[in-house]
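Numbering (the numbering used here), first residue to last: -9 to 168. Note that CB positions come from ideal geometry on N, CA and C, so glycine has one too. Before any comments, here is the structure.
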Ligand SMILES: Cc1cc2nc3c(=O)[nH]c(=O)nc-3n(C[C@H](O)[C@H](O)[C@H](O)COP(=O)(O)OP(=O)(O)OC[C@H]3O[C@@H](n4cnc5c(N)ncnc54)[C@H](O)[C@@H]3O)c2cc1C
């Protein structure tokens, strides 16, 4: 979009994300480019018109990439006496169904800075402080990863989609326990 002339839609770029259950290994077409776009068009029908038209109207030649969304539940790791740690998606990549990945990354960053201050200015012992950071991050991040995976499962069927927290409660604050 041209910020000086936002009404000029010829300068707009639009992107969409289509999510389905599957593996890239099972794809009958290349993951990128024209064939990937045609594959999605041919295998995506019956969405509500507003969403369907995004896909149907995507011009040939538009960039298109198919990939897997990966996640893992964080587990305790050796923090090398408090000198190594993790934050954000590197620690707890989660599916986007609860809209919490960035929130947890920000919470990690805040907690990490607090921990550094305790070590640098509070004179607290580094290994103990960073281990406390790690334990909290793993528990909080792990809960969010699992919650997002449950949300993903519920989203895959018209029978269960109304049970999603995203439907019932919208975006949550940091993997609230519900
Ligand atoms: C479709 C989708 C929707 C989402 N919606 C939401 C939402 O509504 N709300 C929400 O809170 N979160 C959402 N998220 C999640 C959010 O985007 C991520 O959790 C967040 O961006 C993670 O931040 P990060 O800094 O940990 O990692 P990233 O944003 O991935 O940043 C990592 C950076 O490191 C760089 N990098 C990688 N390797 C190297 C290297 N070797 N050297 C130097 N740099 C390197 C990368 O280029 C990147 O810039 C969504 C994610 C997706 C995919």
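- From which residue to which residue does the alpha helix (DSSP H) around residue 24 run? 24 to 33
- Message: Can you tell me whether residue 135 is buried or exposed? The criterion is at least 16 other CB atoms within 10 Å of its CB, across all chains shown.
- Response: buried
- Task: Using beta-carbon positions only, say whether residue 51 and residue 116 come within less than 7 angstroms of one another.
- Result: no
- Item | Distance, residue 28 Cα to residue 44 Cα | 13 angstroms
- Message: Please tell me whether residue 26 and residue 87 are closer than 7 angstroms, where the distance is taken between their beta carbons.
- Response: no
- Task: Please find out if some non-hydrogen atom of ligand 2 comes closer than 6 angstroms to the beta-carbon of residue 137.
- Result: In the structure shown, ligand 2 is absent; the only ligands present are ligand 1.
- Three-way DSSP call (helix, strand, coil) for residue -6 in this model: coil
- Message: Going by DSSP in three states, residue 98 sits in which element: helix, strand or coil?
- Response: helix
- Query: Nearest-angstrom Cα distance between residue 58 and residue 20?
  - Reply: 14 angstroms
- Query: On the premise that residue 98 lies in contact with residue 81, defined as a C-beta separation below 8 angstroms, what is that separation, rounded to the nearest angstrom?
  - Reply: 7 angstroms
- List the residues that DSSP assigns as beta-bridge partners of residue 55. 22
- Is residue 78 closer than 7 angstroms to residue 95 when the C-beta atoms are compared? yes
- Heavy atom of ligand 1 within 6 angstroms of residue 86 beta-carbon: yes
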